[in-house]
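Q: Below: one structure in structure tokens.
Here it is, written out as structure tokens:
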């Protein structure tokens with residue numbers, strides 16, 4: 001019985017609760033935390049570094065099919081795409097379309 | 001104004017929020033969710049588990065970390081730690097939106113419920129569009145966007161779960177690449193302060209580097225270490241700027 005629902009329990013505790021306690025804390029502090037306070041600067045910096053570490057790992061050490069593609073191609077597609085995104089006025093659409101197009105073109109070119 | 005026309009107004013703001021579903025960031029998110037459902041399938045999650053996870057967490061990085069931890073055989077405490085560390089960013093994200101979203105009469109339970117729908121895409125939506133909405137309709141306007149996006153995203157997980165399995169494997173892989181490149185662009189766009197941009201670069205460099213050094217604590221070390229260094233660099237920068245301004249006076 002418990003074994004059957006164990007994955008759901010893990011998702012509820014280690015997923016829902018682990019994430020939403022921070023959302024709830026955000027609601028409670030939202031009114032009190034000063035937008036310019038030093039503490040918020042630090043929390044923001046840590047949060048951003050954390051998310052970007054996860055993101056960079058998805059590119060450098062991906063799971064599944066992408067793991068079999070060359071590292072230079074993934075890093076090159078993401079890096080050149082990001083440079084184009086910065087150079088062309090920071091449109092999210094370009095920041096997504098260019099790296100995707102480079103990845104697809106690269107995979108086709110090496111005959112993946 | 002009669003209560004009747006008040007209700008109609010509120011409803012029309014709800015629908016205005018819903019229309020945000022057709023914006024580019026929302027469509028990119030929904031496509032990268034297709035990549036997530038492929039990842040969930042590849043990692044051995046059932047369709048019901050993947051759907052439940054999308055609805056219960058509604059934060060792609062946390063979902064990816066949880067699936068990765070579960071697939072790696074981590075126990076529930078280790079899963080909780082890894083996910084909760086990645087979700088700390090929710091606190092400042094929610095905290096920065098709440099003062100703009102509420103009125104003096106907005107009940108706290110409503111804000112607690114709405115906070116569940118705040119993730120990167122809806123946060124960017126909130127900080128860029130809330131100011132154009134009359135204050136008393138901001139909560140319902142955000143609910144229109146946030147709830148619709150979450151339900152649609154969850155529907156996408158359920159519908160594409162086995163459609164993706166019929167794709168050639170390379171398609172699922174390519175779709176999965178959408179998630180990191182989307183985060184790269186959208187987080188950079190939402191970074192209004194230099195400290196966030198410095199932290200962005202620190203995390204980007206430290207994440208993969210530390211994965212080679214301490215594979216178990218890489219994300220934690222990159223977050224706390226990189227974030228603290230970014231904060232200190234930014235504080236020194238702000239101090240220099242202040243000193244410079246005072247020097248000119």
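Residue numbers (this note's numbering), protein chains in the order written: chain V, 1 to 112; chain H, 1 to 249.
Each residue gets a CB set at the ideal place from its N, CA and C atoms; glycine is no exception.
None of the values given here were measured: they were computed from a predicted structure.
1) Within the 7 angstroms Cβ cut-off, does residue 227 of chain H reach chain V?
2) Identify whether residue 88 of chain H lies in helix, strand or coil by the three-state DSSP scheme.
3) Assign residue 231 of chain H to buried or exposed, taking buried as 16 or more other Cβ atoms, counted over all protein chains shown, within 10 Å of its Cβ.
4) Which first and last residues belong to the alpha helix (DSSP H) in which residue 176 of chain H is found?
5) Roughly how many angstroms lie between the CA atoms of residue 160 of chain H and residue 38 of chain H, to the nearest whole one?
6) Rounded to whole angstroms, what's the CA-CA distance from residue 200 of chain H to residue 181 of chain H? Just pull it up for me.
7) Taking only three categories from DSSP, how would you classify residue 49 of chain V?
8) Can the beta-carbon of residue 138 of chain H be found closer than 7 angstroms to that of residue 149 of chain H?
9) Out of H:238, H:72, H:65, H:92, which one is the CA nearest neighbour of residue 219 of chain H?
10) Let me see if you follow: with CB-CB separation under 7 angstroms, is residue 43 of chain V close to chain H or not?
11) What three-state label does DSSP hand residue 161 of chain H in the structure shown?
12) Does the Cβ of residue 213 of chain H have 16 or more other Cβ atoms within 10 Å, making it buried, or fewer, making it exposed?
13) Provide the residue span of the alpha helix (DSSP H) that contains residue 47 of chain H, from first to last.
14) What is the DSSP secondary structure of residue 61 of chain H, counted as helix, strand or coil?
15) For the segment 77 to 102 of chain V, which residues have a CB atom closer than 7 angstroms to at least one CB atom of chain H, in sequence order?
16) Since I believe residue 25 of chain H is in contact with residue 92 of chain V (beta carbons under 8 angstroms), could you give me their beta-carbon distance rounded to a whole number of angstroms?
17) Helix, strand or coil: how does DSSP classify residue 83 of chain V here?
18) Identify the continuous alpha helix (DSSP H) that holds residue 91 of chain V and give its terminal residues.
19) Is residue 71 of chain V close to chain H? Criterion is C-beta to C-beta, closer than 7 angstroms.
20) Taking 7 angstroms as the threshold (C-beta atoms), are residue 157 of chain H and residue 54 of chain H in contact?
21) Of the residues H:83, H:98, H:88, H:84, which one's Cα is nearest the Cα of residue 29 of chain V?
22) Whose Cβ in chain H lies nearer than 8 angstroms to the Cβ of residue 109 of chain V?
23) Run through DSSP, which three-state label would residue 99 of chain V get?
24) How big is the Cα-Cα spacing for residue 113 of chain H and residue 17 of chain H?
25) Using three-state DSSP, classify residue 102 of chain H as helix, strand or coil.
26) With 9 angstroms as the limit, tell me which residues of the segment 178 to 203 of chain H have their beta carbon closer than that to any beta carbon of chain V; keep them in chain order.
27) Here's the rule: buried if 16 or more other CB atoms are within 10 angstroms of the residue's CB, otherwise exposed. What is residue 37 of chain V?
28) So is residue 160 of chain H in contact with chain V if we call contact Cβ pairs under 7 angstroms?
29) Against chain V, does residue 87 of chain H count as a neighbour if the rule is that its beta carbon must be under 7 angstroms from one of theirs?
30) For residue 10 of chain V and chain H, any beta-carbon pair shorter than 7 angstroms?
A: From the atom records:
1) At least one CB of chain V lies nearer than 7 angstroms to the CB of residue 227 of chain H.
2) The answer is coil: DSSP assigns residue 88 of chain H none of H, G, I, E or B.
3) The residue in question, residue 231 of chain H, is buried, as its Cβ has 16 or more Cβ neighbours within 10 Å.
4) In the DSSP assignment, residue 176 of chain H falls within the alpha helix (DSSP H) that extends over 169 to 190.
5) One C-alpha to the other measures close to 8 angstroms.
6) When the Cα atoms are used, residue 200 of chain H and residue 181 of chain H turn out to be separated by approximately 13 angstroms.
7) Looking at residue 49 of chain V - three-state DSSP - the assignment turns out to be helix.
8) No, they are not a contact pair.
9) Looking at the Cα atoms, H:65 is the closest of the given residues.
10) Cβ-Cβ to chain H under 7 angstroms: yes for residue 43 of chain V.
11) Three-state result, residue 161 of chain H: coil.
12) When all chains shown are included, residue 213 of chain H counts as exposed.
13) Here the alpha helix (DSSP H) through residue 47 of chain H covers 47 to 57.
14) Reduced to three states, the DSSP call for residue 61 of chain H is helix.
15) For the segment 77 to 102 of chain V, which is checked against every Cβ of chain H, the residues closer than 7 angstroms are 78, 81, 82, 85, 90, 92, 93, 95, 96, 99, 100.
16) Indeed they touch by this definition, with Cβ atoms about 6 angstroms apart.
17) In the structure shown, the three-state DSSP call for residue 83 of chain V is helix.
18) Taken as a continuous stretch (DSSP letters only), residue 91 of chain V belongs to no alpha helix (DSSP H), as it is neither H nor E.
19) Not an interface residue.
20) Yes, Cβ-Cβ distance for residue 54 of chain H and residue 157 of chain H is below 7 angstroms.
21) Per the Cα distances, H:98.
22) Result: empty, since nearest Cβ-Cβ is about 13 angstroms, beyond 8 angstroms.
23) DSSP places residue 99 of chain V in the helix class (H, G or I) of the three-state scheme.
24) Distance between residue 113 of chain H and residue 17 of chain H, taken at the CA atoms: about 17 angstroms.
25) If DSSP states are grouped into helix, strand and coil, residue 102 of chain H belongs with coil.
26) Within the segment 178 to 203 of chain H, the qualifying residues are 178, 179, 180, 181, 182, 183, 184, 185, 186, 187, 188, 189, 191, 193, 195, 196, 197, 198, 199, 200, 201, 202, 203.
27) Around the beta carbon of residue 37 of chain V, a 10 Å sphere encloses fewer than 16 other beta carbons of the protein chains shown; the residue is thus reported as exposed.
28) Interface criterion not met: the Cβ of residue 160 of chain H is under 7 angstroms from no Cβ in chain V.
29) Taking a beta-carbon distance threshold of 7 angstroms, residue 87 of chain H counts as an interface residue toward chain V.
30) Yes - at least one Cβ of chain H is within 7 angstroms of the one on residue 10 of chain V.
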